[in-house]
Structure formats: C-alpha cells, structure tokens
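Right, one structure below, let's go through it.
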Amino acid sequence: MIEYILRRLMYGILVILIMVIFVFFVMRAVPGDVVALQLAEASSVSEEQVDEIKSQLGLDKSIGAQLVVWLTGAVQGDLGNSLWSNQPVVEMIANRMPVTLELTFLSVILAIIIGIPIGVISAVKHNTFIDHILRVTSVGGLSIPNFWLGLIILMILSLVFNWIPPLGFQTFSENPIINLQQMIFPSLVLAVTLASSIIRMTRSALLEVLHTDFIRTIRSKGAKERVVIYKHALRNSLVSVITLIGIQIGTLLGGTVVLETIFSLPGLGSLIFESVTIRDYPIVQASVLTFGSMFLLVNLVVDVMYGWIDPRIRNN
C-alpha cells in the first residue's frame with residue numbers, strides 16, 4: 000500500500016511539473032505584458048525606462064532562464080513576489096486560501112448531503128416515476144454551467160427578493176451569520192454539478208451491488224431491507240462514489256475562479272482571475288501550483304480511503 004501511494008505521489012509531482020511549465024509558457028504567449036500595462040497611462044516612455052523596469056522585474060532574461068530561476072525558487076519554498084505590489088506571493092496565497100477552502104468544503108458537504116440520499120432513493124425506486132424524475136433532474140444539474148446558474152441566482156435574489164449577499168467579506172470566526180450568508184449560495188451553485196454526478200454514480204453502483212449474490216444471501220437470511228441497503232449494499236457502493244468525489248475536487252477548484260469573481264469573494268480563484276488580467280505571472284504560476292498540489296493531496300486521501308472501505312485493497 001505504501002509503495003502504491005509513493006508511486007502515485009511521484010506520478011502526481013510529474014503531472015504538476017508539466018502543468019506549471021505549460022502555464023508558464025502560455026502566460027508569456029498571451030498578447031500584452033506586465034510592463035506595457037504598468038506604463039499604459041504614462042504620456043511618454045523611453046526605451047531605457049522600459050528596459051530598466053524589465054530588469055527590475057527579472058523579465059530581461061530569456062524565457063528559459065526565467066523558468067529555471069522560478070523553478071529553483073519554488074523548490075526552495077520561494078515563489079517570488081508580485082510584479083505589481085512586490086508582496087511575497089506565498090503571503091498573498093495564504094491570505095486568499097481560507098476562502099477557497101471554505102467554499103470547496105461547503106460545496107462537497109452539500110453535494111454529499113444532497114447526492115447520496117437522492118441516489119439511494121433513485122436506486123430503490125428503480126424504473127418508477129420517481130426514478131425517472133430524479134434521473135432527469137440529475138442530467139439537468141450536469142448540463143447547467145456554474146457561472147450561468149450563479150448569475151441567475153444573483154438576479155433572482157436581487158430582483159425578486161430584493162436581497163443581495165452582504166458586501167465586505169467576513170470570516171466565519173468574525174461573524175458566522177454574515178459569513179454563511181456570503182458563502183451559502185456560491186457553495187450551492189458549485190455543489191450542483193457534483194451532487195448530480197453523485198446521484199448518478201450512487202444509483203448505478205447501488206443497483207449493481209443489489210444484484211450480487213452476497214446481497215441475495217443476506218436477504219435469504221431474513222435481514223430487513225433497510226439493513227440490506229444501508230449496512231451492506233451502500234457501503235460497498237461508496238468506493239465508486241468516493242472516487243468520483245476525489246476526481247471532481249479538481250473541477251470544484253476550477254469552478255471557484257468564476258464563482259468567486261461573480262459573488263465578490265476574496266479567494267484564490269478571484270486572485271487568479273485578477274492576476275491573469277494584469278499579467279502578474281508569479282501569482283498565476285504559484286496559484287496553479289497550489290491548486291495542483293491540493294488536487295494531488297485529495298487523490299492521495301482517496302487512495303487511503305479505498306483501503307479503509309475495501310479490506311481487499313488494504314490487504315493487497
């Protein structure tokens with residue numbers, strides 16, 4: 000098991016390295032650069048001034064040399080400074096990270112609370128009217144883009160209920176009520192896609208388990224149907240559901256980039272959006288590295304949970 004986790008860890012690090020290098024070159028291939036944006040409002044700029052600013056920002060070196068410098072610093076824990084504010088990127092990400100983690104955590108909890116019970120009902124009511132309604136609803140949830148649903152909810156809240164989320168973000172420790180008012184709707188929007196996927200996966204996995212021989216054996220011994228479903232069948236179905244949740248964490252983190260901007264949340268997603276707009280390369284590269292590391296960590300946790308749920312994997 001340990002050898003398997005170490006192998007997955009090495010594979011994940013390689014993927015993150017390729018992803019960060021890809022983003023590094025893509026950011027520099029985008030038209031416009033940070034120097035041109037900083038000097039956009041200047042009336043007249045000489046070539047010497049442009050070269051001096053590039054030298055100060057470390058952009059006068061070749062792209063390959065910039066990549067080597069950045070990777071060397073990243074390995075040593077130094078992700079550089081912002082090209083605009085000159086603040087350490089690590090501090091900026093640390094300040095924004097709690098908001099994104101809270102948003103992702105609430106979304107996963109909501110998706111599990113909504114998805115698994117509905118998936119169980121859909122499987123138990125297999126091929127009935129209720130099952131058809133739930134399946135159509137889950138397909139609809141998968142088809143709706145997060146950003147569109149977020150905008151529609153904001154419009155309904157403001158135009159119909161004359162209410163908008165409180166401005167000026169407050170953490171849960173500062174004011175739990177205001178914090179939940181600010182987080183509940185973006186979390187719900189972000190949870191829709193994952194909940195829909197969980198419904199479909201729970202239904203199909205549970206149906207498959209309910210038709211296995213060991214479930215027939217348990218039923219033949221006179222076990223109650225509730226015990227058969229929740230104690231035996233559902234537990235064996237959760238491996239597929241947990242796998243799905245682990246994979247979808249990356250999608251949730253990507254979704255925060257748009258939703259944090261729509262709902263004015265000061266998280267890591269909105270920081271990436273702002274940094275791409277002003278070509279702040281170190282922040283974008285470090286944020287992608289952070290998202291990739293979080294995704295790798297979640298997948299490792301999923302691997303460990305496999306062993307906890309399925310003893311066959313733990314023993315092997």
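Residue numbers (numbering that gives the first Met the number 0): 0 to 315. For each residue, glycine too, the CB sits at the ideal point set by N, CA and C.
P185 carries a helical assignment under DSSP once its states are collapsed to helix, strand and coil.
Excluding five sequence positions before and after A122, the CB atoms of its chain that fall closer than 6 angstroms to its own CB belong to R202, L205 and L206, given in chain order. Assigned with DSSP and collapsed to three states, P87 falls in strand. As computed with DSSP, N80 is found in a beta bridge with P87.
Nearest to F146 by C-alpha distance, out of V208, V303, V256 and L5, is V256.
Between V107 and the set M182, D212 and N174, the nearest pair of CA atoms involves M182.
Three or more beta-carbon pairs separated by less than 8 angstroms link the segment 110 to 127 to the segment 180 to 197, which places the two stretches in contact.
In this structure, the alpha-carbon of P175 lies about 47 angstroms from that of F213. In its chain, beyond the 5 residues on either side, G245 have a beta carbon closer than 6 angstroms to the beta carbon of N298. In the three-state scheme derived from DSSP, where H, G and I count as helix and E and B as strand, E2 is classed as helix. About 6 angstroms separates the beta carbons of V301 and T242, which is inside the 8 angstroms limit, making them a contact pair. Contact between T103 and L270 is absent: CB atoms are separated by about 15 angstroms, not below the 8 angstroms threshold.
Burial check for L109: the Cβ neighbour count within 10 Å reaches 16 or more, so the residue is buried. Only residues of its own chain outside the window of five on either side were considered, and among them L295 have a CB closer than 6 angstroms to the CB of G11, listed in chain order. Using a Cβ distance threshold of 9 angstroms, L133 and V188 do not count as a contacting pair.
Contact between G291 and M18 holds: CB atoms are separated by about 5 angstroms, below the 8 angstroms threshold. Remark: C-beta atoms of L153 and I261 approach each other more closely than 9 angstroms. In terms of Cα proximity to V34, the closest of S157, V67, V303 and Q48 is Q48. Annotated three-state conformation of N174 is coil, per DSSP. Spatial neighbours of Q86 in its own chain (CB-CB distance under 8 angstroms, excluding positions within 5 residues in sequence) are listed in chain order as N80. Taking a cut-off of 8 angstroms on C-beta distances, the segment 273 to 281 touches the segment 25 to 33, as three or more cross pairs fall below it.
Across the structure, A28 and V22 are spaced so that their CA atoms are roughly 10 angstroms apart. The alpha carbon of Q169 has as its nearest neighbour, out of I151, G254 and Q180, the alpha carbon of Q180.
C-alpha of M304 to C-alpha of L8: approximately 15 angstroms in a straight line.
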